[in-house]
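Enquirer: As given, the protein sequences belong to chains A and G, one line each in that order.
Per this note's numbering, the very first residue in the first sequence carries number 2; after that it's consecutive.
Per this note's numbering, the very first residue in the second sequence carries number 1132; after that it's consecutive.
The structure follows.
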Amino acid sequence: MSLLIVKNVSKAFDQNKIIDNINIELKKGEIVSLLGTSGGGKTTLFNIIAGLQTADQGQVILDGVDITGVTGKVSYMLQKDMLLPYKSVIDNVALPLVIKGMKKKEARQKALPYFKQFGLEGYENKYPTALSGGMRQRAAFLRTYLFSESVAILDEPFSALDMLTKAQLHSWYMDIMKDIKLSTLFVTHDIDEAIMLSDRIYVLSGKPGTITHEIVIREGSKKPKAFNLTPEFLSYKQQIVEALEGSLT
Amino acid sequence: MLPSPIKVVKAFVDDFPTLMLHLKVTLIEAVAGLSFGVLLGFIVAVLMDACMVLDKALHPIIILTQTVPTVAIAPLLVLWFGYDMLPKIILIVVTTFFPIAVGLLEGFKSVDKDEINLMKAMGASKLQIFIHIKLPGAMGQFFAGLKISASYAVVGAVISEWLGGFQGLGVYMTRVKNAFAFDKMFAVIFLISIVSLLVMKLVELLHRKAMPWLKEDR
Chain A
2 MSLLIVKNVS
12 KAFDQNKIID
22 NINIELKKGE
32 IVSLLGTSGG
42 GKTTLFNIIA
52 GLQTADQGQV
62 ILDGVDITGV
72 TGKVSYMLQK
82 DMLLPYKSVI
92 DNVALPLVIK
102 GMKKKEARQK
112 ALPYFKQFGL
122 EGYENKYPTA
132 LSGGMRQRAA
142 FLRTYLFSES
152 VAILDEPFSA
162 LDMLTKAQLH
172 SWYMDIMKDI
182 KLSTLFVTHD
192 IDEAIMLSDR
202 IYVLSGKPGT
212 ITHEIVIREG
222 SKKPKAFNLT
232 PEFLSYKQQI
242 VEALEGSLT
Chain G
1132 MLPSPIKVVK
1142 AFVDDFPTLM
1152 LHLKVTLIEA
1162 VAGLSFGVLL
1172 GFIVAVLMDA
1182 CMVLDKALHP
1192 IIILTQTVPT
1202 VAIAPLLVLW
1212 FGYDMLPKII
1222 LIVVTTFFPI
1232 AVGLLEGFKS
1242 VDKDEINLMK
1252 AMGASKLQIF
1262 IHIKLPGAMG
1272 QFFAGLKISA
1282 SYAVVGAVIS
1292 EWLGGFQGLG
1302 VYMTRVKNAF
1312 AFDKMFAVIF
1322 LISIVSLLVM
1332 KLVELLHRKA
1342 MPWLKEDR
């Protein structure tokens, strides 16, 4: 059974339909990308899944429970890391646990073992200003993970980083996902990133935005090194570019 | 009319015990007034931030309290509350709560919407959002307001003492003024400036202690 189901979701602002009849499924342990152009309703859909906006029609179902318009179930992460400058890194990361009612000390203890895995060792008691861009995103990702160990939605989390840092983070991300198996819905406009990271890709396009294509990346999480230089990669890319172009005309 | 610096220093030294006696009273008033002012400013800011209606209702009243000159209401306060400390403290509260309330309110409102959304998505309550996001986010503005309020508090105490009282630097000032002892007057003025400066320095120290994360910025 799918962990997260988005069922027939539509949303309009002032009669202006943004997304129409969206259906998405996310299975346990899967990384699924939602790929679309800017202004195509990605963020709206994202907010609906996070519970920050209500849908005009349709439902968001998590683990068989309807969570449409309910916050606190799905954790998310944005391009902006939103680490609080006045909290140490460990307190930032442990914040979701504190919000859930855990004692501060206990929350820190729970967060601490992950610092090594997330490449943040030694920075526990530093303030976020001491971290590099890549580290900040990793810290934000750890916070997201601590909030919910089952499902996360990430909205272009790596798009503010430079090419090299981004590539590094991608391989780090693929590695860590093998360990933590966080089911992830990955919102992005970067085709390469979507192919590199996902098991499956939904293409969101048109106006109002609809899911026009679903592309399965057969290699899944077992992608070889330098996968982005292989003919398979390029054929996926061509498929997606055609899908996006087709919807523009 | 303008005493030589040497005379002023001499008056300062000679009068030192008396000055300290009066300073103590003025400082007690200033600190008490500032504390209550900060408390009131904090409460007002929190209420105005939490409730739109209150924000609209209180805003004009708060502005009004600041358009009335302190010197004008001070005699009234003396008539109502006598010559003790109470009218002075009330006056200081009225002048010091404003920068705090305005600073904090600005701070609360300038908090990043996305951060609040993230907290909401994590299931945070209004109180948790306040404690983790709004309050620490408004600290910078709070201390900017506190710096202004602290200097107002000392000056406010002196002004309120001019209009009547038994002890305090303002009382002493009127007394030496009436005796045309200009050197002593300048000694008091000198002392008041020093105290104001010290109080502001203290606030700055507090600021740095309370916001240690600013250090790593540089």
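Note that the Cβ used here is the ideal one computed from N, Cα and C, for glycine as well.
1) Do we get a CB-CB distance below 9 angstroms when we pair S133/A with the residues of chain G?
2) Residues of chain A with CB closer than 8 angstroms to the CB of A1252/G, please, in chain order.
3) Hey, how far is the Cα of E122/A from the Cα of K18/A?
4) By DSSP, does H190/A sit in helix, in strand, or in coil?
5) At what residue ranges does the region 142-178 of chain A contain a whole run of the beta strand (DSSP E), taking only runs of 3 or more?
6) Are there 16 or more other CB atoms within 10 angstroms of the CB of D1348/G, so buried, or fewer, so exposed?
7) Report back the beta-carbon spacing between L162/A and G135/A to the nearest angstrom; my notes put them in contact at under 8 angstroms.
8) Give a yes or no on contact between the region 30-43 of chain A and the region 172-190 of chain A, applying the rule of three or more CB pairs nearer than 8 angstroms.
9) Tell me the DSSP secondary structure of T254/A in three-state form.
10) Between L1249/G and chain A, is the shortest Cβ-Cβ distance under 9 angstroms, so that the two count as touching?
11) In terms of residue numbering, what span does the alpha helix (DSSP H) encompassing Q260/A cover?
12) With DSSP as the reference, label M78/A as helix, strand or coil.
13) Can you find a C-beta in chain A that's less than 9 angstroms from the C-beta of I1231/G?
14) Pick out whichever of Y77/A, K74/A, Q60/A and V94/A has its Cα sitting closest to the Cα of L85/A.
15) Of all the CB atoms in chain A, is at least one closer than 9 angstroms to the CB of I1323/G?
16) How would you list, in chain order, the residues of chain A whose beta-carbon sits under 8 angstroms from the beta-carbon of M1342/G?
17) Using the C-alpha atoms, what's the distance from D1180/G back to I1221/G?
18) Give the C-beta separation of V152/A and L5/A to the nearest angstrom, bearing in mind that I take them to be a contact with Cβ-Cβ under 8 angstroms.
19) Are the C-beta atoms of A1255/G and some chain A residue less than 9 angstroms apart?
20) Return helix, strand or coil for S1282/G, following the three-state DSSP convention.
21) Once the 5 residues before and after T231/A are set aside, which same chain residues still bring their CB inside 6 angstroms of it?
22) Is the Cβ-Cβ distance between M1304/G and I1320/G less than 9 angstroms?
23) In angstroms with no decimal places, state the Cα-to-Cα distance between L147/A and L170/A.
24) Using a threshold of 9 angstroms, state whether the C-beta atoms of N126/A and S89/A are closer than that.
25) Closest Cβ-Cβ distance between S1135/G and chain A: below 9 angstroms?
26) Per DSSP, what kind of secondary structure is S222/A in: helix, strand or coil?
27) Taking 9 angstroms as the CB-CB cut-off, is G1268/G touching chain A?
28) Going by CA-CA distance only, name the one from L98/A, D176/A, I91/A and Q110/A that's closest to A1255/G.
29) Got a sec: is the Cβ-Cβ distance from H1263/G to anything in chain A below 9 angstroms?
30) Over what stretch of residues does the beta strand (DSSP E) that includes Q60/A continue unbroken?
31) Assuming K1315/G and V1307/G are in contact, meaning their beta carbons sit under 8 angstroms apart, how far apart are those beta carbons, in whole angstroms?
32) Determine, using beta carbons only, whether D1146/G comes closer than 9 angstroms to chain A.
33) For a test of the three-state rule: what should DSSP assign to T44/A, helix, strand or coil?
34) Consult DSSP for K28/A and reduce its assignment to one of helix, strand or coil.
35) Restricting to runs no shorter than 4 residues, where is the alpha helix (DSSP H) found entirely within the region 1150-1227 of chain G?
Expert: Based on what the coordinates show:
1) Against the first sequence, residue 133/A aligns to sequence position 132. Closer than 9 angstroms: no.
2) What you label residue 1252/G is simply residue 121 of the second sequence in a count that begins at 1. Under the 8 angstroms cutoff, chain A gives A51, G52, L53, T72, G73, V75, S76 and Y77.
3) As a position in the first sequence, residue 122/A is number 121, starting the count at 1. As a position in the first sequence, residue 18/A is number 17, starting the count at 1. Near 46 angstroms, if we compare the C-alpha coordinates of K18/A and E122/A.
4) Indexing the first sequence from 1 puts residue 190/A at position 189. Three-state DSSP puts H190/A in coil, outside helix and strand.
5) 152-156
6) Taking the second sequence and counting its residues from 1, one reaches residue 1348/G at position 217. With a pLDDT of 48 at D1348/G, under the threshold of 50, the predicted position of this residue should be treated as unreliable, though the coordinate-derived value follows. With fewer than 16 other Cβ atoms within 10 Å, it is exposed.
7) Taking the first residue of the first sequence as position 1, residue 162/A is located at position 161. Taking the first residue of the first sequence as position 1, residue 135/A is located at position 134. Indeed they touch by this definition, with Cβ atoms about 6 angstroms apart.
8) yes
9) Residue 254/A lies beyond the range of chain A shown here (2 to 250); nothing can be said about it.
10) Here residue 1249/G corresponds to residue number 118 of the second sequence, with the count starting at 1. For L1249/G, at least one C-beta of chain A is nearer than 9 angstroms to its own C-beta.
11) The structure shown does not extend to residue 260/A, since chain A is modelled only from 2 through 250, so no value can be given for it.
12) As a position in the first sequence, residue 78/A is number 77, starting the count at 1. Here M78/A sits in strand by DSSP.
13) One-based indexing of the second sequence puts residue 1231/G at position 100. It does not: the Cβ of I1231/G has no partner Cβ on chain A nearer than 9 angstroms.
14) Walking along the first sequence from the start, residue 85/A turns up at place 84. Looking at the Cα atoms, V94/A is the closest of the given residues.
15) Reading the second sequence from its first residue, position 192 is the one you call residue 1323/G. Not an interface residue.
16) Reading the second sequence from its first residue, position 211 is the one you call residue 1342/G. What M1342/G touches in chain A: Y87.
17) Numbered from its first residue, the second sequence carries residue 1221/G at position 90. Numbered from its first residue, the second sequence carries residue 1180/G at position 49. Going by C-alpha positions, I1221/G is about 24 angstroms away from D1180/G.
18) Locating residue 152/A in the first sequence gives position 151, where the first residue counts as 1. Locating residue 5/A in the first sequence gives position 4, where the first residue counts as 1. Between L5/A and V152/A the Cβ distance is about 5 angstroms, and since that is below 8 angstroms, they are a contact.
19) Reading the second sequence from its first residue, position 124 is the one you call residue 1255/G. Yes, because at least one Cβ of chain A sits closer than 9 angstroms to the Cβ of A1255/G.
20) Looking up residue 1282/G in the second sequence gives position 151. Reduced to three states, the DSSP call for S1282/G is helix.
21) To locate residue 231/A, count along the first sequence from 1; it is residue 230. Counting only Cβ-Cβ distances below 6 angstroms, and skipping sequence neighbours, we find nothing.
22) Here residue 1304/G refers to the residue found at position 173 of the second sequence. Here residue 1320/G refers to the residue found at position 189 of the second sequence. Cβ distance < 9 angstroms, so M1304/G and I1320/G count as in contact.
23) In the first sequence, counting from the first residue as 1, residue 147/A sits at position 146. In the first sequence, counting from the first residue as 1, residue 170/A sits at position 169. Using only the alpha carbons, I get a separation of about 19 angstroms.
24) On the first sequence, residue 126/A is found 125 positions in, with the first residue counted as 1. On the first sequence, residue 89/A is found 88 positions in, with the first residue counted as 1. Yes, the pair counts as a contact, with Cβ atoms nearer than the cut-off.
25) Taking the first residue of the second sequence as 1, we reach residue 1135/G at position 4. No, because no Cβ of chain A sits closer than 9 angstroms to the Cβ of S1135/G.
26) Mapped onto the first sequence, residue 222/A falls at position 221. In this structure, S222/A counts as coil in the three-state DSSP scheme.
27) Working through the second sequence from its first residue, we reach residue 1268/G at position 137. True, the Cβ-Cβ gap to chain A drops below 9 angstroms.
28) As a working mapping, residue 1255/G is identified with position 124 in the second sequence. Taking only the C-alpha atoms, the option nearest A1255/G is L98/A.
29) Your numbering for residue 1263/G matches position 132 in the second sequence. At least one chain A Cβ lies under 9 angstroms of H1263/G.
30) The residue labelled residue 60/A in the question sits at position 59 within the first sequence. That run of the beta strand (DSSP E) goes Q58 to L63.
31) Translated into the one-based positions of the second sequence, residue 1315/G becomes position 184. Translated into the one-based positions of the second sequence, residue 1307/G becomes position 176. The Cβ separation is near 4 angstroms, so the contact holds.
32) Counted from its first residue, the second sequence places residue 1146/G at position 15. No - not a single Cβ of chain A is within 9 angstroms of the one on D1146/G.
33) Locating residue 44/A in the first sequence gives position 43, counting from the first residue. T44/A falls in the helix class under three-state DSSP.
34) Mapped onto the first sequence, residue 28/A falls at position 27. In the structure shown, the three-state DSSP call for K28/A is strand.
35) Complete alpha helix (DSSP H) runs here, min 4: 1183-1198 and 1201-1212.
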